[in-house]
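A.B. asks:
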Amino acid sequence: MTLKNEIGAALRAVRQQRGLSYEELNDSTFRTTVSSIERGKSKLTIEKLSSLAKALDFDLLAFMAMCIALERGQTPDDAIVAAQSELDRFKAAGGLALLQEQIVEGELVSRSQGKPANFENKNAVLQLKAEGKTQAEIRRLLGLSKSTVSQYWHSKS
1 MTLKNEIGAA
11 LRAVRQQRGL
21 SYEELNDSTF
31 RTTVSSIERG
41 KSKLTIEKLS
51 SLAKALDFDL
61 LAFMAMCIAL
71 ERGQTPDDAI
81 VAAQSELDRF
91 KAAGGLALLQ
101 EQIVEGELVS
111 RSQGKPANFE
121 NKNAVLQLKA
131 EGKTQAEIRR
141 LLGLSKSTVS
151 QYWHSKS
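The UniProt record's numbering applies: residue 1 is where the sequence shown begins, and numbers increase by one.
#1: First and last residue of the alpha helix (DSSP H) that includes glycine 143?
#2: So, for arginine 39: in the same chain, excluding its five sequence neighbours on each side, which residues have a beta-carbon less than 7 Å away from its beta-carbon?
#3: Determine the direct distance from the alpha carbon of leucine 20 to that of threonine 45, and round the result to whole angstroms.
#4: Assuming arginine 18 and leucine 56 form a contact by the criterion Cβ under 8 Å, report the distance between their Cβ atoms to the nearest whole angstrom.
#5: With DSSP run on the structure shown, which of helix, strand or coil describes valine 104?
#6: Sort Leu3, Ser85, Ala69 and Lys122 by Cα distance to glycine 143 and report the nearest one.
#7: At 4 residues or longer, what runs of the alpha helix (DSSP H) sit wholly inside the segment 8-95?
#8: Relative to the alpha-carbon of lysine 41, which residue among Gly94, Gly95, Asn5 and Leu98 has its alpha-carbon at the smallest distance?
#9: Would you kindly report the start and end of the unbroken alpha helix (DSSP H) that includes lysine 122?
#10: So, are the CB atoms of alanine 79 and arginine 72 less than 8 Å apart?
#11: Are glutamate 101 and valine 109 close, meaning C-beta to C-beta below 8 Å?
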């Protein structure tokens, strides 16, 4: 989901509605870049999008709601309602506590490199190992790759 066209349309509409020229957005990006974005020819980082929203004096969340609404063929209000429902489900499942654990003193908490372990699979491998199953048997039973079973097999509990 690149949203290039939707971002271009929203940027153009907000810029025109605010009566701003490309030059007046120069603090956030080069005017050729704004033109390219408005024509759906350029991708943006979230940092650049945030910078453009600030230059437009337009809330980033409202801007994204407009873009997503365009992509989904709905109103921005409907996109926000859907987002609120998703946030409610996230909160109900304990997501806010997990989210708050990710940032400490304004810094992202580091984690080890690579794909995080699937503790359910790891526990299943270790349980079957304890039952005397071979790695090959475990691979067949759980449908896991040889390397995954081997990694969990040799891991410390």
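Glycine residues also receive a C-beta, built at the ideal position from the N, C-alpha and C atoms.
Keep in mind that this is a model prediction, so the values were computed, not measured.
C.D. replies: Reading off the structure:
#1: Looking at the DSSP string, glycine 143 is not in any alpha helix (DSSP H), and its letter there is neither H nor E.
#2: Gly8
#3: 22 Å
#4: 6 Å
#5: strand
#6: Lys122
#7: 31-38, 46-56, 60-72 and 76-92
#8: Asn5
#9: 119-130
#10: yes
#11: yes
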